[in-house]
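Colleague: First the structure, which I've put down as structure tokens, then a few questions once you've had a look.
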Amino acid sequence: MTKPKVGFFGITGCAGCLLSFIFNEDEILDITNLVNLKAFPFIKEVNADDNFDIVFLEGLVASKEDLETLKKLRGNTKILVSLGACACTGCVPAYRHFTLKENYEHLLYEKRERIRDVEPTPIDAHVKVDYFIPGCPPNKKEILSFIKDLLLGKKPRQYTDPVCVECRRNNNLCLLDIGKPCLGPITLGGCNSVCTNGGFECWGCRGPTKDMNLDLMIKVLKEKGFDDKFIKDRMRTFAGLKLPVLERVINAKGNNAKPHNKD
Amino acid sequence: MQVFRLEKKRLMPFLRKVMRSYELVAPVKTDLVRFEKIKNPKSICFEKPYFPVKGFFFKKHQVLFEFDGSRVKIPANNEPERVFFGLKKCDLNAIIRQDKVFLEDAEDPYYKASREKSFLLGFHCDEACSEYCFCGSMELVDFYDLMFYDKGNHFLVEEGSEKGRFLISKFKEFFKPVPRKITQEEKEIKGTDRLKKNSITHLYDHPGWQKDVENCFSCGACTALCPTCYCFEIHDEVKSSCLSKGCRKRCWSSCQLQSFTRVAGDHVFREKREERFKHRIFHQLGYFKEKYGMNLCVGCGRCIEGCPTRIDFIKTINEMEDEQRE
Ligand code: SF4
Ligand code: SF4
Ligand code: SF4
Ligand code: SF4
Chain L
-14 MTKPKVGFFG ITGCAGCLLS FIFNEDEILD ITNLVNLKAF PFIKEVNADD NFDIVFLEGL
46 VASKEDLETL KKLRGNTKIL VSLGACACTG CVPAYRHFTL KENYEHLLYE KRERIRDVEP
106 TPIDAHVKVD YFIPGCPPNK KEILSFIKDL LLGKKPRQYT DPVCVECRRN NNLCLLDIGK
166 PCLGPITLGG CNSVCTNGGF ECWGCRGPTK DMNLDLMIKV LKEKGFDDKF IKDRMRTFAG
226 LKLPVLERVI NAKGNNAKPH NKD
Chain S
499 MQVFRLEKKR LMPFLRKVMR SYELVAPVKT DLVRFEKIKN PKSICFEKPY FPVKGFFFKK
559 HQVLFEFDGS RVKIPANNEP ERVFFGLKKC DLNAIIRQDK VFLEDAEDPY YKASREKSFL
619 LGFHCDEACS EYCFCGSMEL VDFYDLMFYD KGNHFLVEEG SEKGRFLISK FKEFFKPVPR
679 KITQEEKEIK GTDRLKKNSI THLYDHPGWQ KDVENCFSCG ACTALCPTCY CFEIHDEVKS
739 SCLSKGCRKR CWSSCQLQSF TRVAGDHVFR EKREERFKHR IFHQLGYFKE KYGMNLCVGC
799 GRCIEGCPTR IDFIKTINEM EDEQRE
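These protein sequences, in sequence, are chains L and S. Residue numbering for the first sequence follows my numbering, starting at -14 and increasing by one per position. Residue numbering for the second sequence follows my numbering, starting at 499 and increasing by one per position.
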């Protein structure tokens, strides 16, 4: 069997998702035996830049340069995998869509003009993505099992169940029951409910499930006393761009939220 | 069945002695009540655990076998002998259901191994433990190795099986035989018959389900907390050092999830939330009975208490019934 040619790249992001892969210390050498790791600029000195079978890409598109890199990688790989929350949902950097320019402009580095030149967007907003490994950061084991599934000729497992499934299996007290604004019921699991295991409510870093009941999530949070602004802010922190209907759903519930997107 | 008297102040010494020979599992209260392995019997509480006991028999994650190429190895079973104390009538009857699935239908060696090494000690409820209970509507039966009845300064302990008799003789210094029976009246649990009719086949297309479906996240809390739900998925995990080595695992799953009915070609045959929601209710109160002659549901109310929106399907069924009777 010829080893699949693999590349790990990052565009605008914090490198945490690349690190997640590296954190598999005990197994990483085994994996590099199974694949031809042609590029990993974060840890390798010499890197190829074309002819890949699988490219894992961290980060989101926030500059023209990012977009060029993305398009080039897409053209040079058979399989493109969105690695981590920025790549999958836009994560925190995409929050810029939901706030006024005055709120963030003074925070930009003066000389980094290119930060302003493209609206921050997840990579599937620009090119076709074959698989998603979500999470901020992603589950390090999931990256390994993804590679192993592909090597075995299987369709990699894409986890579709909500966080509550694992949370309940872990015998946790439901944080909604003690008034915390947990987004577990509408958020993709696969994280082994790592946050709620520690008593910290789910903020939705893995993005919404396809099957989410968003109307109900909003209704439940309102009943617990959270207002529209809080709910919108919370839901948009990690996955605002994947919840285009949020505004409409909130407004449909007979309240006084302003009908525009920015607040 | 023979009845014995156990003085209340002798309960702790009894349990401590039990712990010398067995692993003791009983309800412990922290933020919630859970069945736990007991280190100090003083930590035991007598309330109904929020989570079911089933995970001790039907494991959340079970390695079915390890493989190395085509060589297969079934993991050794190192289950300790366990004494379960503080099981409620619903918990005990749930074990009857799981026995049917995992012992009678097809013998599941993993379930059997832990089940065979278990002693089931029940603790009788005099009245409903929560507003959600409806065990009194579910035709439950007597099923236990020993059943404890709280009688003020002492317990009456009733034998229910050979295993129970064995335990009594092993720990006979604690138990004094008494020449009396536990009456039907003493076995009753007050305030638990709130489900008006436990056969619901005729209600499948009733529009009354709609509000419950709208209040459902399909989060699977109900099925995880249910002491009878027995559904699972199976997947392989291979080693990074050698892809032909690994294990096959069985993990809890739930009919509330789309992934549960996903088949080859990515077809999901219960895609709609409504179909999934109804599947649970109708399996619990219909399909299972058609096959096994008893309802799957034992009326413990855990799926209602643990539902993030407290969907009370019993209330819904009663409303539909009332409306049909009018
Ligand atoms: S704490 Fe959150 S993730 Fe856990 S069951 Fe409750 S809502 Fe779901
Ligand atoms: S616990 Fe409630 S919300 Fe969750 S799947 Fe069950 S019925 Fe639906
Ligand atoms: S369906 Fe609900 S009430 Fe019935 S046994 Fe399961 S958890 Fe208990
Ligand atoms: S109600 Fe659903 S999860 Fe529970 S046993 Fe039936 S099909 Fe399985």
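The beta carbon of each residue, even a glycine, is placed where N, CA and C say it ideally should be. Small disclaimer: the values here were computed from a predicted structure and weren't measured.
From L:A70 to L:N9, what distance separates their C-alpha atoms?
Modeller: If I take the Cα positions, the gap works out to 19 Å.
Colleague: Please state whether DSSP places S:D810 in a helix, a strand or coil.
Modeller: coil
Colleague: If I follow the unbroken alpha helix (DSSP H) through S:C720, where does it start and stop?
Modeller: Here the alpha helix (DSSP H) through S:C720 covers A719 to L723.
Colleague: With distance defined between alpha-carbon atoms, name the residue in S:F767, S:K776, S:P547 and S:I812 nearest to S:F621.
Modeller: Scanning S:F767, S:K776, S:P547 and S:I812 for the CA closest to the CA of S:F621 turns up S:P547.
Colleague: Spell out whether any CB of chain S is found under 7 Å from the CB atom of L:E59.
Modeller: Checking the displayed sequence, the identity of residue 59 of chain L turns out to be Arg instead of Glu. It does not; no Cβ of chain S falls within 7 Å.
Colleague: Pop quiz: S:S742 and L:I16 are said to be a contact at Cβ under 8 Å. What is the actual Cβ separation, rounded to whole angstroms?
Modeller: So it is not a contact: roughly 15 Å between Cβ atoms.
Colleague: Find the residues of chain S that neighbour L:T181, judging by a C-beta separation of less than 7 Å, and give them in chain order.
Modeller: Residues of chain S passing the Cβ test: none, with the nearest at roughly 12 Å.
Colleague: Could you have a look at L:L228 and say whether DSSP puts it in helix, strand or coil?
Modeller: coil
Colleague: Taking three-plus beta-carbon pairs below 8 Å as touching, is the stretch 76 to 84 of chain L in contact with the stretch 137 to 152 of chain L?
Modeller: no
Colleague: Would you tell me roughly how many angstroms separate the C-alpha atoms of L:K227 and S:Y785, rounded to the nearest one?
Modeller: 39 Å
Colleague: Can you tell which of L:L4, L:F(-6), L:G(-5) and L:F(-7) has the C-alpha that lies nearest to the C-alpha of L:N124?
Modeller: L:L4
Colleague: Along the chain, where does the alpha helix (DSSP H) that runs through L:E208 open and close?
Modeller: L199 to E208 is the extent of the alpha helix (DSSP H) around L:E208.
Colleague: Beta strand (DSSP E) containing S:E534: first to last residue?
Modeller: V531 to K535
Colleague: Going by other Cβ atoms of all chains shown within 10 Å of its Cβ, with 16 needed for buried, is L:G192 buried or exposed?
Modeller: buried
Colleague: Comparing alpha-carbon positions, which option in L:E12, L:P105 and L:V(-9) lies nearest L:P26?
Modeller: L:V(-9)
Colleague: Could you work out which residue in S:R808, S:F767 and S:T726 is closest to S:I593 when comparing CA atoms only?
Modeller: S:T726
Colleague: Got a sec, what are the start and stop residues for the alpha helix (DSSP H) L:N182 sits in?
Modeller: V179 to N182
Colleague: Report whether the distance from the Cβ of S:R760 to the nearest heavy atom of ligand 4 is below 6 Å.
Modeller: no
Colleague: Compare the beta carbon distance of S:Y609 and S:F556 with 7 Å and say whether it is the shorter of the two.
Modeller: Against a cut-off of 7 Å, the Cβ pair of S:F556 and S:Y609 comes out as a contact.
Colleague: When DSSP labels each residue in this structure, what does S:A574 get in the three-state scheme?
Modeller: Correct three-state label for S:A574: coil.
Colleague: Taking 6 Å as the cut-off, is the CB of L:V148 close to at least one heavy atom of ligand 1?
Modeller: yes
Colleague: Is L:T262 helix, strand or coil when you go by DSSP?
Modeller: This structure gives no information on residue 262 of chain L, because the portion of chain L shown stretches from -14 to 248.
Colleague: Please identify the residue among L:T172, L:E186, L:T54 and L:P147 whose C-alpha is closest to the C-alpha of L:L158.
Modeller: L:E186
Colleague: Please determine, among S:K813, S:I572 and S:K558, the residue with the shortest C-alpha to C-alpha distance to S:N696.
Modeller: S:K813
Colleague: For the beta strand (DSSP E) that contains S:I732, what are its first and last residues?
Modeller: F730 to K737
Colleague: Roughly how far, in whole angstroms, is the beta-carbon of S:F632 from the beta-carbon of S:D691, given that I think they are within contact range, below 8 Å?
Modeller: 7 Å
Colleague: For the stretch 806 to 822 of chain S, list every residue whose C-beta sits within 8 Å of some C-beta in chain L, in sequence order.
Modeller: Of all residues in the stretch 806 to 822 of chain S, P806 and T807 have a Cβ within less than 8 Å of some Cβ in chain L.
Colleague: Please tell me whether S:A719 has its Cβ less than 7 Å away from any Cβ of chain L.
Modeller: yes
Colleague: Excluding five sequence neighbours on each side, which residues of the same chain lie with their C-beta closer than 8 Å to the C-beta of L:N61?
Modeller: D34, D35, N36, F37 and V40
Colleague: Between which two residues does the alpha helix (DSSP H) containing L:R81 stretch?
Modeller: That residue, L:R81, is in no alpha helix (DSSP H); it is neither H nor E in DSSP.
Colleague: So, does the stretch 680 to 689 of chain S touch the stretch 512 to 520 of chain S, judging by three or more C-beta pairs under 8 Å?
Modeller: no
Colleague: Looking at chain S, is there any beta carbon in it that lies within less than 7 Å of the beta carbon of L:V250?
Modeller: Missing from the structure shown is residue 250 of chain L; chain L here goes from -14 to 248 and no further.
Colleague: Helix, strand or coil: how does DSSP classify S:Y647 here?
Modeller: strand
Colleague: Any Cβ of chain S within less than 7 Å of the Cβ of L:R191?
Modeller: no
Colleague: Assess contact between the stretch 635 to 642 of chain S and the stretch 651 to 665 of chain S, defined as three or more Cβ pairs (one per stretch) separated by less than 8 Å. Is contact present?
Modeller: yes
Colleague: Sort out for me which residues DSSP pairs S:L504 with in a bridge.
Modeller: S:F653
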